[in-house]
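Asker: Input: one structure, supplied below.
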Amino acid sequence: MNSAIRTRELRKVYNSAPPVAAGGAPAGKGKTGKVPKVEIRALDGIDLDVAPGQIFGLLGPNGAGKSTTVGILTTRVRPTSGTAWIGEYDVWREQTAAKRQIGVVAQRPNLDFSLTAREILVFHGAYFGLGSHERSERAKELLDRFKLTDRADQLVRGFSGGMMQRVSIARAMMHDPKVLFLDEPSVGLDPQTRLLLWELIREYNQKGRTILLTTHNMEEADALCERLAIIDHGRIIAQGTPRELKASIPGGYLLRLRFGENHTAALIEELGRLAGVTEARASGESAVDLYAGRGGSLIPEIVGMASGLGVELSDVHISEPSLENLFLHHTGRSLRE
Amino acid sequence: MNWKAFLALLARDAHVARRNLIQLILQTFLQPLLFVFIFGRVMVGSGYMPAIYKSLLLPGIMAMSMVFTGVWAVAMPLIAEFQFTREIEDRLLAPIDISWVAVEKVVFGLMQGLVAGMAVIPLAWIILRPGLELHIASPGLFLFIALLVAGFSSCGGLALGCSVDQQHIGLMFSMVMTPMIFFGCTYYPWSALKMFPILSKIVLINPLVYASEGLRATLVPQFPDHLPLAAILVMLIVFDVLLLLVGLRQFRNKSVS
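Sequence order for the protein chains is A and B. Residue numbers for the first sequence follow my numbering, beginning at 1 and rising by one. Residue numbers for the second sequence follow my numbering, beginning at 1 and rising by one.
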């Protein structure tokens with residue numbers, strides 16, 4: 001089966017500070033406003049295959065390259081090398097055809113501030129060649145579905161962040177694109193709006209549409225996505241279903257231990273030998289991460305073993321198998337760092 | 001070429017223009033109105049200027065009005081829409097080559113520039129009538145020149161709008177527009193610069209010179225001392241093409257990172 005979204009060896013090097021929405025690493029901008037010549041490797045060989053009808057998640061911390069990937073797939077960022085396809089269209093060779101297939105929700109609302117919410121949808125429909133009756137009907141439907149009807153005829157300039165976000169998403173769905181891109185769709189939304197958003201995304205997916213969303217929220221990735229790629233420093237470090245990915249963490253449970261004193265090699269070695277522990281590694285001068293098949297029941301053994309070595313356990317944090325742990329396992333960093 | 005999308009982009013701009021109509025009218029007509037009144041009525045009426053100055057001045061005011069409106073109509077929205085809010089993004093994602101998004105801006109600015117220029121004539125008619133003598137011998141040529149003038153103005157607006165940041169708008173107007181207007185042969189014919197041989201050569205890089213002189217040649221032929229028409233036409237076409245190419249390049253650079 002053909003992929004709905006496909007990339008091969010995608011690379012992007014920014015020669016100047018990347019645009020904020022592309023989410024690249026911040027450039028060292030001097031106070032004078034002069035940007036020193038910098039080379040920022042935002043993407044370093046991304047291969048993606050997203051099957052039609054799938055909800056695919058790109059998960060990673062800020063600056064990992066998620067937005068740049070979306071930017072290239074949506075014709076907004078020119079790749080340094082590599083190719084990207086939407087369905088059968090090469091995004092950079094057949095731009096116009098590719099643009100017909102996609103709807104895009106950018107990380108920050110980029111609404112047309114000179115227009116009302118309804119006009120934004122109607123004009124968007126017109127750009128995509130919808131007939132005048134069709135576009136006003138569809139705009140009405142979407143405004144209703146997105147709970148925007150009562151503000152539909154006001155300029156969007158005065159809208160709250162959450163409302164702007166809803167208008168952005170409604171606009172992206174207006175021409176019923178085969179592939180929908182959502183870049184960090186739930187950032188800054190209240191929990192209630194987030195749930196509405198998830199519902200709308202699932203609903204759109206049920207019509208057989210492909211969705212690619214980026215997020216640094218594990219819960220969101222877990223709740224929505226059928227497949228995930230974990231991306232960090234412009235590379236994909238793991239890919240699979242959320243279940244597969246979680247199963248790939250050694251042990252599943254993560255115990256983050258902090259000791260009163262600096263740990264020693266002997267301590268880490270002993271910890272690694274405890275029953276059920278698959279991996280023990282230092283994560284700081286006095287901190288150790290344990291990956292294990294069990295959680296709380298390990299604590300008494302750890303305390304006993306540590307005090308045998310003259311070290312005191314001062315803090316424990318146990319987390320159950322999650323994508324957060326997965327990210328930590330692959331990168332040694334927490335997603336939110 | 002996707003005409004449907006192109007027309008929809010034009011319709012969007014027309015819609016926004018209709019919404020800001022009063023602001024647009026003030027912005028377009030207040031300045032030429034004041035110029036016509038002060039230079040044509042006050043200065044001539046009080047005897048500081050001879051009456052024939054009215055006719056000499058009018059084409060210059062027209063050229064200035066067209067250039068100012070054309071540049072403003074394209075540059076200002078672009079500067080705002082390319083800001084961090086990226087309001088233009090939705091149009092860049094429309095199923096049409098992005099260069100056409102820029103061309104649409106140019107076409108819309110060109111129409112605004114033409115309206116602003118043409119409106120000066122009735123305006124002047126009302127204020128300057130006794131003593132104003134216009135002889136449009138060749139309406140076709142006059143319209144062609146007006147079109148070229150509006151064209152380079154909106155192309156210039158595209159080039160400037162894609163090169164200037166919001167914080168530099170003031171600088172753009174004081175460093176580019178103001179000298180352009182004063183050295184643009186708007187208040188005086190190019191022949192008046194004869195006594196400044198170097199300056200009279202330098203101002204020839206200013207497209208407004210050809211606009212003023214071209215309109216003067218076709219509107220008030222009773223002042224025969226203007227630049228040769230062939231030179232005016234060639235230079236106007238050169239500026240149109242040059243500024244369009246530069247503008248398109250800047251636009252593409254600005255819209256794709």
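Idealized CB from N, CA, C, for every residue including glycine.
Determine the chain B residues that contact residue 212 of chain A at a beta-carbon separation under 7 Å, and present them in chain order.
Answerer: Here the premise fails: no neighbours, minimum Cβ distance about 15 Å.
Asker: Using a beta-carbon distance cut-off of less than 8 Å, what residues from the segment 167-187 of chain A approach chain B?
Answerer: 171
Asker: Select from the segment 119-145 of chain B all residues with a C-beta closer than 9 Å to any C-beta belonging to chain A, and list them in chain order.
Answerer: none
Asker: Rounded to whole angstroms, what's the CA-CA distance from residue 239 of chain B to residue 29 of chain B? Just pull it up for me.
Answerer: C-alpha separation (whole angstroms): 25 Å.
Asker: Can you check the segment 276-309 of chain A for any alpha helix (DSSP H) of at least 4 residues that lies completely inside it and give the ranges in chain order?
Answerer: Contiguous alpha helix (DSSP H) elements confined to the segment 276-309 of chain A occur at 299-308, taking only those with 4 or more residues.
Asker: Given a cut-off of 8 Å on the beta-carbon distance, is the pair residue 50 of chain B and residue 212 of chain B in contact?
Answerer: no
Asker: Could one say the Cβ of residue 90 of chain B lies closer than 8 Å to chain D's Cβ atoms, at least one of them?
Answerer: Chain labels in this structure do not include chain D; the protein chains are A and B.
Asker: Let me see if you follow: with CB-CB separation under 8 Å, is residue 96 of chain B close to chain A or not?
Answerer: With 8 Å as the cut-off, residue 96 of chain B counts as an interface residue toward chain A.
Asker: Using three-state DSSP, classify residue 114 of chain B as helix, strand or coil.
Answerer: helix
Asker: At a CB-CB cut-off below 7 Å, which residues of chain B make contact with residue 112 of chain A?
Answerer: 87, 90
Asker: Any contact of the segment 182-195 of chain A with the segment 215-223 of chain A, i.e. 3+ C-beta pairs under 8 Å?
Answerer: Yes: at least three Cβ pairs fall under 8 Å.
Asker: Sort B:108, B:121, B:248, B:185 by Cα distance to residue 16 of chain B and report the nearest one.
Answerer: B:108
Asker: With contact counted as at least three CB pairs below 8 Å, one residue from each stretch, are the segment 129-142 of chain B and the segment 79-98 of chain B in contact?
Answerer: no
Asker: Do the CB positions of residue 296 of chain A and residue 318 of chain A come within less than 8 Å of each other?
Answerer: Yes, the Cβ-Cβ distance between residue 296 of chain A and residue 318 of chain A is below 8 Å.
Asker: To the nearest angstrom, how far is it from the Cα of residue 261 of chain A to the Cα of residue 314 of chain A?
Answerer: Approximately 9 Å between the Cα atoms of the pair.
Asker: For residue 64 of chain A, collect the residues of the same chain with a Cβ closer than 6 Å to its Cβ; drop the 5 residues on either side in sequence, then sort them by chain order.
Answerer: Excluding its 5 nearest sequence neighbours in each direction, residue 64 of chain A has C-beta neighbours in its own chain below 6 Å: 231, 232, listed in chain order.
Asker: If you reduce the DSSP assignment to three classes, tell me which class residue 100 of chain B lands in.
Answerer: It is helical.
Asker: Is there a C-beta anywhere in chain B that falls below 8 Å from the one on residue 117 of chain A?
Answerer: no
Asker: Are any of the Cβ atoms in chain A nearer than 8 Å to that of residue 99 of chain B?
Answerer: No, residue 99 of chain B does not count as interfacial toward chain A.
Asker: Who are residue 85 of chain A's beta bridge partners in DSSP?
Answerer: Answer is A:6, A:90.
Asker: Would residue 276 of chain A pass as a contact of residue 294 of chain A if the rule is Cβ separation under 8 Å?
Answerer: yes
Asker: DSSP three-state call for residue 43 of chain A: helix, strand or coil?
Answerer: strand
Asker: Please confirm if residue 80 of chain A has its CB atom under 8 Å from at least one CB of chain B.
Answerer: no
Asker: Give the DSSP bridge partners of residue 238 of chain A, in chain order.
Answerer: A:230
Asker: So, is residue 244 of chain A buried or exposed, given that buried needs 16 or more other C-beta atoms within 10 angstroms?
Answerer: exposed
Asker: Would residue 176 of chain B pass as a contact of residue 32 of chain B if the rule is Cβ separation under 8 Å?
Answerer: no
Asker: List the residues of chain B whose Cβ lies closer than 9 Å to the Cβ of residue 192 of chain A, in chain order.
Answerer: Near residue 192 of chain A there are no residues of chain B at all, since even the closest Cβ is about 26 Å away, more than 9 Å.
Asker: Go ahead and pull the three-state DSSP assignment for residue 105 of chain A.
Answerer: The answer is strand: DSSP assigns residue 105 of chain A an E or B state.
Asker: Would you report the Cα separation of residue 247 of chain A and residue 93 of chain B, rounded to the nearest angstrom?
Answerer: Between residue 247 of chain A and residue 93 of chain B, the alpha-carbon positions lie close to 39 Å from each other.
Asker: So, for residue 158 of chain B: in the same chain, excluding its five sequence neighbours on each side, which residues have a beta-carbon less than 8 Å away from its beta-carbon?
Answerer: Contacts found: 74, 75, 78, 102, 105, 106, 109, 243, 244, 247, 248, 250, 251.
Asker: Which chain B residues sit within Cβ distance under 9 Å of residue 129 of chain A?
Answerer: 2, 4, 5, 8, 95
Asker: Just how far apart, CA to CA, sit residue 241 of chain A and residue 180 of chain A?
Answerer: 19 Å
Asker: Mapping DSSP to helix, strand and coil, what is residue 25 of chain A?
Answerer: Unreliable positioning characterises residue 25 of chain A in this predicted model, as indicated by a pLDDT of 40, which lies under 50. A coordinate reading is not provided.
Asker: Pop quiz: residue 40 of chain B and residue 56 of chain B are said to be a contact at Cβ under 8 Å. What is the actual Cβ separation, rounded to whole angstroms?
Answerer: In fact, because the Cβ distance is near 10 Å, the residues do not count as touching under 8 Å.
Asker: Could you please give the first and the last residue of the uninterrupted alpha helix (DSSP H) stretch that includes residue 198 of chain B?
Answerer: Looking at the DSSP string, the run of the alpha helix (DSSP H) that includes residue 198 of chain B is 197-202.
Asker: Where does residue 28 of chain A land, buried or exposed, given buried means 16+ other C-beta within 10 angstroms?
Answerer: The predicted position of residue 28 of chain A is uncertain, since its pLDDT is 40 and thus under 50; no value can be drawn from it.
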